[in-house]
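Peer 1:
Chains as they are written, first to last, in our numbering: chain P, 48 to 320; chain C, 415 to 608.
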């Protein structure tokens, strides 16, 4: 028998063993062979595993829908039974008994491997949580910003619906091309300006709003503002008169430190109603 | 056969069998659930193929997964978890068949033989069922019909070689040669899957 034939004969024995179809004489021969060549154990396992591939070729059939729930319920029920049994036999001991046939040496090695794997998974999870928390913080800040804009928009819409304290502004003088809308909020003593072509002023200057009422002797100072953002500008009204629907609103440019008297350049004025 | 029954995945769903088994041994039923969803179809299909009874297949499927939960005897050094479950399922299914009466067994043989000649899956089904299933089917296609018949009867019905010879009306030596030749061919074709 050549070496090649001999190997082929080994494979025949290993295949026959996987098929559980060895004669007693063949089984004895294989036992001797494995004793002399323990490296063949790996090849024996390959044949077993090859045979176990066969069911993968079957047309798959889904298990009944309720089977998963029944298995889980039975598992948890059996676990409780094991716990009760364990408590009865040895009060105070850990209730979960985990049989492990691999032996303590192998078991310890596998447990160490498990700890490494689970530790790595734990680290990945914690990193993922930090990233998710940062995303959450950013999303929360965005939500708060949007909510503020929504409240502002709702306020403007409410005022637009009533129309009583809305002033349409038109530019004059150096801001002849400018325009805008001014809302005064009597209940909240605040004003909102939405304007176009109204530039931001240097830091030593400021826009001032004045209320002019036919019954008043002079314009009433209604606060100062600058164009800190291209959107609406909102500020507090210093007196109730400003929010009491005066006849006209005026906007001037004044030095920041100037006294609150209407001496600056007039740049916006409301259309007289 | 596809191992993943559910297309949606979570981090737990993507955990390796090794990690899931460790979690299961720590008493986490969620790990058993993921393992079931991964291999339940394989176990049930194999049980149904051998037992040819949905009720018995369901019962055996439950038995196999409870066995895994209560007495985890799986040794990763001896092969994949799917291999372990397939071996356990086949072994217990054949034990059940052998415990039936002779009349019942004859009926089962007839029905199972008929089922074995069922139509192959469509290309669409094959694509869905995954690469491993396709690889095994292609490997089986490289066997002769005679080799495949002998191998499948031996595997799914657990008949002895003399019983197969009697069933197919061929010499015992032919059964022995064909079955071993078939498995050796598969071993060479599928060696990277094992």
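A virtual CB, placed ideally from N, CA and C, is assigned to each residue, including glycine.
Model, not experiment: these values are computed from the prediction.
Assign residue 287(P) to one of two classes, buried (16 or more other C-beta atoms within 10 Å of its C-beta) or exposed (fewer than that).
Peer 2: Taking the first residue of the first chain as 1, we reach residue 287(P) at position 240. Label assigned to residue 287(P): exposed.
Peer 1: Candidates 88(P), 232(P), 217(P): which alpha carbon is nearest residue 225(P)'s?
Peer 2: Taking the first residue of the first chain as 1, we reach residue 225(P) at position 178. Per the Cα distances, 217(P).
Peer 1: Taking residue 76(P) as the reference, give the member of 67(P), 60(P), 65(P) with the closest Cα.
Peer 2: In the first chain, the residue the question calls residue 76(P) occupies position 29. Selected option, being the one with the closest Cα: 60(P).
Peer 1: Using the Cα positions of residue 554(C) and residue 186(P), report the straight-line distance between them to the nearest angstrom.
Peer 2: Indexing the second chain from 1 puts residue 554(C) at position 140. Indexing the first chain from 1 puts residue 186(P) at position 139. Computed Cα separation, rounded: 55 Å.
Peer 1: With a threshold of 8 Å between beta-carbons, can residue 74(P) be considered close to chain C, or not?
Peer 2: Mapped onto the first chain, residue 74(P) falls at position 27. Output row for residue 74(P): interface = no.
Peer 1: Are the beta-carbon atoms of residue 314(P) and residue 300(P) separated by less than 8 Å?
Peer 2: The residue you call residue 314(P) lines up with position 267 of the first chain. The residue you call residue 300(P) lines up with position 253 of the first chain. Going by C-beta atoms, residue 314(P) is nearer than 8 Å to residue 300(P).
Peer 1: Bridge partners for residue 259(P) per DSSP, in chain order?
Peer 2: Indexing the first chain from 1 puts residue 259(P) at position 212. Note: residue 259(P) sits in a beta bridge opposite 295(P).
Peer 1: So which of 306(P), 92(P), 270(P) has the shortest CA-CA distance to residue 298(P)?
Peer 2: Walking along the first chain from the start, residue 298(P) turns up at place 251. That would be 270(P), whose Cα lies nearest to the Cα of residue 298(P).
Peer 1: Could you have a look at residue 431(C) and say whether DSSP puts it in helix, strand or coil?
Peer 2: Indexing the second chain from 1 puts residue 431(C) at position 17. Residue 431(C): helix per DSSP, three-state reduction.
Peer 1: Looking at the unbroken beta strand (DSSP E) that takes in residue 281(P), where does it start and where does it end?
Peer 2: Sequence index remark: in the first chain, residue 281(P) carries index 234 (1-based). Per DSSP, residue 281(P) belongs to the beta strand (DSSP E) from 280–283.
Peer 1: Going by beta carbon distance, what residues of the same chain come within less than 7 Å of residue 445(C), once the five residues before and after it are set aside?
Peer 2: Locating residue 445(C) in the second chain gives position 31, where the first residue counts as 1. Hits under 7 Å: 434, 437, 438.
Peer 1: Examine chain P for any beta-carbon lying closer than 8 Å to the beta-carbon of residue 593(C), and answer yes or no.
Peer 2: For the purposes of this step, residue 593(C) is taken as residue 179 along the second chain, with counting starting at 1. Yes, residue 593(C) lies at the interface with chain P (some Cβ there is under 8 Å from its Cβ).
Peer 1: Contact criterion: CB-CB distance below 8 Å. Does residue 562(C) meet it with respect to chain P?
Peer 2: Position 148 of the second chain holds residue 562(C). Not closer than 8 Å to any Cβ of chain P, the Cβ of residue 562(C) fails to qualify, so no.
Peer 1: Is the shortest distance between the beta-carbon of residue 132(P) and the beta-carbons of chain C less than 8 Å?
Peer 2: The sequence position of residue 132(P) within the first chain is 85, counting from 1. Because residue 132(P) sits at a pLDDT of 47, beneath the cut-off of 50, its placement in the model cannot be relied upon, and the following sentence gives the value as read from the coordinates. Output row for residue 132(P): interface = no.
Peer 1: Hey, could you find the ends of the beta strand (DSSP E) residue 217(P) is sitting in?
Peer 2: Working through the first chain from its first residue, we reach residue 217(P) at position 170. Residues 213–218.
Peer 1: Run through chain P and tell me which residues come within less than 8 Å of residue 507(C), C-beta to C-beta.
Peer 2: Taking the first residue of the second chain as position 1, residue 507(C) is located at position 93. Within 8 Å Cβ-Cβ: nothing; residue 507(C) doesn't reach chain P, min ~10 Å.
Peer 1: Mind checking which residues open and close the alpha helix (DSSP H) that includes residue 584(C)?
Peer 2: Position 170 of the second chain, counting from 1, holds the residue named residue 584(C). Note, residue 584(C): premise wrong, no alpha helix (DSSP H); not H, not E.
Peer 1: Over the uninterrupted alpha helix (DSSP H) stretch that includes residue 289(P), give me the two end residues.
Peer 2: Here the question's residue 289(P) lines up with position 242 in the first chain. No alpha helix (DSSP H) contains residue 289(P), which DSSP labels as neither H nor E.
Peer 1: I believe residue 472(C) touches residue 110(P) by the beta-carbon criterion, under 8 Å. Please report the beta-carbon distance rounded to the nearest angstrom.
Peer 2: As a first step, residue 472(C) is located in the second chain; it is residue number 58 there, counting from the start. As a first step, residue 110(P) is located in the first chain; it is residue number 63 there, counting from the start. That belief holds up - the Cβ atoms of residue 472(C) and residue 110(P) are roughly 7 Å apart, short of 8 Å.
Peer 1: Do residue 566(C) and residue 592(C) have their CB atoms nearer than 8 Å?
Peer 2: Against the second chain, residue 566(C) aligns to sequence position 152. Against the second chain, residue 592(C) aligns to sequence position 178. Going by C-beta atoms, residue 566(C) is not nearer than 8 Å to residue 592(C).
Peer 1: Comparing alpha-carbon positions, which option in 219(P), 268(P), 246(P) lies nearest residue 312(P)?
Peer 2: Within the first chain, numbered from 1, the residue matching residue 312(P) stands at position 265. Minimum Cα distance to residue 312(P) is reached at 219(P).
Peer 1: Which residues in chain C sit within 9 Å of residue 190(P), going by Cβ to Cβ distance?
Peer 2: Mapped onto the first chain, residue 190(P) falls at position 143. Under the 9 Å cutoff, chain C gives no residues; its nearest Cβ is about 26 Å from residue 190(P).
Peer 1: Which stretch, first to last residue, makes up the beta strand (DSSP E) that contains residue 228(P)?
Peer 2: Numbered from 1 along the first chain, position 181 holds the residue referred to as residue 228(P). Here the beta strand (DSSP E) through residue 228(P) covers 226–232.
Peer 1: Residues of the stretch 459–481 of chain C in Cβ contact with chain P at a cutoff of 7 Å, in chain order, please.
Peer 2: Answer in chain order: 459, 460, 462, 463, 472, 475, 476, 479, 480.
Peer 1: Helix or strand or just coil, what does DSSP make of residue 139(P)?
Peer 2: Position 92 of the first chain holds residue 139(P). Low local confidence applies: a pLDDT of 37 at residue 139(P) is under 50, so the model's placement there is unreliable, and no value is given.
Peer 1: In terms of alpha-carbon separation, which member of 587(C), 450(C), 475(C), 443(C) lies closest to residue 458(C)?
Peer 2: Within the second chain, numbered from 1, the residue matching residue 458(C) stands at position 44. For the residues 587(C), 450(C), 475(C), 443(C), the minimum Cα distance to residue 458(C) belongs to 475(C).
Peer 1: Using a Cβ-Cβ distance under 8 Å, would residue 111(P) count as near chain C?
Peer 2: Position 64 of the first chain, counting from 1, holds the residue named residue 111(P). Taking Cβ atoms only, chain C reaches closer than 8 Å to residue 111(P), which makes this a yes.
Peer 1: Sort 606(C), 580(C), 460(C), 440(C) by Cα distance to residue 507(C) and report the nearest one.
Peer 2: Taking the first residue of the second chain as 1, we reach residue 507(C) at position 93. If we check each option's Cα against that of residue 507(C), 460(C) comes out closest.
Peer 1: With three or more C-beta pairs closer than 8 Å as the rule, is the stretch 495–505 of chain C touching the stretch 92–107 of chain P?
Peer 2: Cβ pair count under 8 Å is three or more, so yes.
Peer 1: Give the secondary structure of residue 270(P) by DSSP, where H, G and I count as helix, E and B as strand, and everything else as coil.
Peer 2: Along the first chain, read from residue 1 onward, the residue named residue 270(P) stands at position 223. Looking at residue 270(P) - three-state DSSP - the assignment turns out to be strand.
Peer 1: In angstroms, rounded to a whole number, what distance separates the CA positions of residue 248(P) and residue 241(P)?
Peer 2: Here residue 248(P) is taken as the residue at index 201 of the first chain, counted from 1. Here residue 241(P) is taken as the residue at index 194 of the first chain, counted from 1. Cα to Cα, the separation comes out at about 16 Å.
Peer 1: So, are the CB atoms of residue 257(P) and residue 246(P) less than 8 Å apart?
Peer 2: Residue numbering aside, residue 257(P) sits at position 210 when the first chain is read from its first letter. Residue numbering aside, residue 246(P) sits at position 199 when the first chain is read from its first letter. No, they are not a contact pair.
Peer 1: Mind listing the chain C neighbours of residue 117(P)? Cutoff is C-beta to C-beta under 7 Å, in chain order.
Peer 2: Taking the first residue of the first chain as 1, we reach residue 117(P) at position 70. Under the 7 Å cutoff, chain C gives 476.
Peer 1: When DSSP builds the beta bridges, which residues end up paired with residue 253(P)?
Peer 2: Looking up residue 253(P) in the first chain gives position 206. Answer by DSSP bridge pairing, in chain order: 301(P).
Peer 1: Below 8 Å on the Cβ atoms is my guess for residue 495(C) versus residue 545(C); work out the distance and round it to an integer in Å.
Peer 2: On the second chain, residue 495(C) is found 81 positions in, with the first residue counted as 1. On the second chain, residue 545(C) is found 131 positions in, with the first residue counted as 1. Going by Cβ atoms, the distance from residue 495(C) to residue 545(C) rounds to 18 Å, so no, they are not a contact pair.
Peer 1: Between residue 550(C) and chain A, is the shortest Cβ-Cβ distance under 8 Å, so that the two count as touching?
Peer 2: Note that chain A does not occur in the displayed structure, where the protein chains are P and C.
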